[in-house]
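These protein sequence lines map, in sequence, to chains A and B. 203 is the number that the working numbering gives to position 136 of the first sequence; each next residue is one higher, with no gaps. 150 is the number that the working numbering gives to position 104 of the second sequence; each next residue is one higher, with no gaps.
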Amino acid sequence: MSPGRGATAGDLAGAATDLEVRGLRKAYGAVEVLDGIDLSVAAGEVAAVLGPSGCGKSTLLRLLAGLEEPDDGTITLGGQPLRGPSATHPMVAQGATLFPWLSLRENLAWGPRAARRPDADAVADELLVATGLTGFADALPRQLSGGMRQRAAIAQVLANRPPVLLLDEPFGALDAQTRLRMHEWLRGLLAQRPTTVVLVTHDVEEALLLGDRLALLGRRPSRVLEYSRVSFGPERGRATLRDPRFVDLKVQVLERVLAS
Amino acid sequence: MSPTSGTGTVAEDTAPGPDASVGLDEPEPVITPTGRPRRRRRRLLGLVVPALLVTVWALASAAGWVSPRLLPSPGTVVEAAWAFVAGGGGSTLPGVTPFDGAAGRHVGASVGRWLVAFALAVAVGIPLGAAIGLSRRTAELLDPLVQALRSIPITAWLPIALVWFGLGEGAARYLVFVGAFFPIVIATADGASRVPGALVDTALMLGTHRWDLGRKVYLPAALPAIVTGLRLGLTLGWMSVIVGELTGTTSGVGAMMFAAREVGRLDHIIVGMATFAVVGLAGDVLLRAAARPFVAWSDR
């Protein structure tokens, strides 16, 4: 990749890359939302971002996705500045945004087709298997349940093998049982496809189950108050929820979020 | 865009096993009944009131409750309709406007005007509506004018159409164009403005080029609204045909009806009205059928 231009999907596809955020500031008129966010996420790590409601977590993610311009600060992916939305750092938000007029298979093939990959259909079929939705290849998004749509939306952006994945409360609209299944599914998927992930969530349990690192934002205009490593190993599932150390950690983090 | 279709089913997610890492148990699709017998029953139900009205009309005519000069009997109208289609009724109309066996000529002339003007309304209305829907500046510039002009009744355009285009075909087509144009512009603008920004963001984040957004995202997402506008435009255009045929045309269903009015042939006039109803309905059914594969996804 030549220096001085932004990272492109072709340059970065397939390999997780480190993400660096330095001094990110954003205001909407007189309302300052982010006041110098610094964040370093190593390649293949999952950074969970927690913070009080309205502190700018989603704004941070929209800036990382290139959907909005920061007022100040830099975002680099593998040392290269990111400019605008692209397939290298896609975001999946709450309420999956699959294209409602396309079948599930065509939704999953969208990214590879946009990249003019000849194996777009094969990629879609592979993702149908990975999401456990092979029986729904020809179904329209509205014919799927919320959990299935959310899995499909994550798989859709993973089709281009992005080095970075941004998740904005992706499971927030799901019920507790489905959310737990989705956590296990996502952990399994990321184990097979190492990807650098920034996960914004209001759910401490979700942050601890999925995150390798935990970033705690303060009230608006927010900064990163704490950025710590989650002390549990990679094997986290529903059994972890009963682990007294996990329960204790969850209470501690929740108290810190409330205090922030 | 690929056309898709399907009945509304919501599938239940099944639980993956506790040890599932990648791949979940395959859920069973939920099959909903197609509801065909119910649809047929609903369609038959829609015929009940018209059948009752015709029965009352026939009884009133047979009992002499209404004068045939004010309302001819259903039988007389059916005979006139047959003569209109097949000829042999011995009916003459003033001027150069034939009636017997002239259904093809009149319907063909009216439908020709309708389709030419409608095609023009589509060609101008969809791009203009898209521009209004997608650009706030264009909306600020043009929307007030469109809203004001669409409030003008189609008959109010008649005098100016006659001045601009003279008697005949040009004025007729212009009036049909005006009738079809505004619903298409307004529905397209509305549909384009309501395309969720999240879909556009997703397309960009999947590597879609900005130049492809119109074709790949905006058009398919706005298509249900555009089709609604096309249906309204088609119907209003067809309703405007009769106004257009007031402009001195010698062929067309409207021209036939005005000639029939001069000689007091109410049966011919009712045949003309029925022709408008049948052709208008057929146009809508055909348009809906043609659009269905592309908008079935939006069915509720």
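Each residue gets a CB set at the ideal place from its N, CA and C atoms; glycine is no exception.
Buried or exposed (CB count within 10 angstroms, at least 16 for buried), residue i
i	result
residue 118(A)	buried
residue 278(A)	buried
residue 293(A)	exposed
residue 74(B)	Confidence in residue 74(B) is poor, its pLDDT being 47 and thus under 50, which makes the residue's placement unreliable; the coordinate value appears in the next sentence. Classification of residue 74(B): exposed, given that the 10 Å Cβ count is below 16.
residue 147(A)	buried
residue 203(B)	buried
residue 84(A)	buried
residue 314(B)	buried
residue 252(A)	buried
residue 156(A)	buried
residue 210(A)	buried
residue 320(A)	buried
residue 95(A)	exposed
residue 288(B)	buried
residue 96(B)	exposed
residue 328(B)	exposed
residue 221(A)	buried
residue 250(A)	buried
residue 394(B)	Here chain B comprises residues numbered 47 to 346, so residue 394(B) is not present and cannot be evaluated.
residue 193(B)	exposed
residue 164(A)	buried
Contacts around residue i, its chain only, beta-carbon distance under 6 Å, and the 5 residues preceding and following it disregarded
i	result
residue 227(B)	167 and 171
residue 175(B)	231, 234 and 235
residue 286(B)	200, 221, 222 and 225
residue 318(B)	299, 302 and 303
residue 128(B)	none
Nonlocal neighbours in the same chain, by C-beta distance under 8 Å from residue i, ignoring five residues either side
i	result
residue 67(B)	Here the model assigns residue 67(B) a pLDDT of 39, short of 50, so the residue's position is not dependable, and the following value carries that caveat. Answer for residue 67(B): no residue qualifies.
residue 123(A)	93, 100, 101, 284, 287, 288 and 289
residue 268(B)	176, 179, 234, 237, 238, 240 and 241
residue 149(B)	130, 131 and 321
residue 120(B)	100, 103, 104 and 107
Listed by chain order, chain B residues near residue i by CB distance under 8 Å
i	result
residue 164(A)	242, 244, 245, 247 and 248
residue 160(A)	244
Sequence-distant residues of the same chain with beta carbon closer than 7 Å to residue i, five excluded per side
i	result
residue 297(B)	151, 152 and 155
residue 161(B)	none
residue 172(A)	191, 195, 204 and 205
residue 247(A)	305
residue 121(A)	287
Neighbour list for residue i in chain B, Cβ cutoff strictly below 7 Å
i	result
residue 167(A)	343
Test: residue i CB closer than 8 Å to a CB of chain A
i	result
residue 190(B)	no
residue 121(B)	no
Minimum Cβ-Cβ distance from residue i to chain B less than 8 Å
i	result
residue 125(A)	no
residue 132(A)	yes
residue 137(A)	no
residue 282(A)	no
residue 234(A)	no
residue 72(A)	In this prediction, residue 72(A) has a pLDDT of 37, which is less than 50 and means its spatial position is unreliable; what the coordinates show is noted afterwards. No, no contact with chain B.
residue 187(A)	no
residue 114(A)	no
residue 83(A)	no
residue 157(A)	yes
Beta-carbon neighbours of residue i, restricted to chain A and to distances below 7 Å
i	result
residue 253(B)	76, 153, 154, 178, 181, 182 and 227
residue 339(B)	Neighbours of residue 339(B) on chain A: none; closest Cβ ~11 Å, over 7 Å.
residue 266(B)	168
Under 9 Å from the C-beta of residue i: neighbouring residues of chain B
i	result
residue 224(A)	248, 251 and 252
Inter-residue CB distance, residue i and residue j (contact presumed, cutoff 8 Å)
i	j	result
residue 279(B)	residue 164(B)	7 Å
residue 280(A)	residue 297(A)	7 Å
residue 233(A)	residue 132(A)	5 Å
residue 324(A)	residue 271(A)	7 Å
residue 167(A)	residue 207(A)	7 Å
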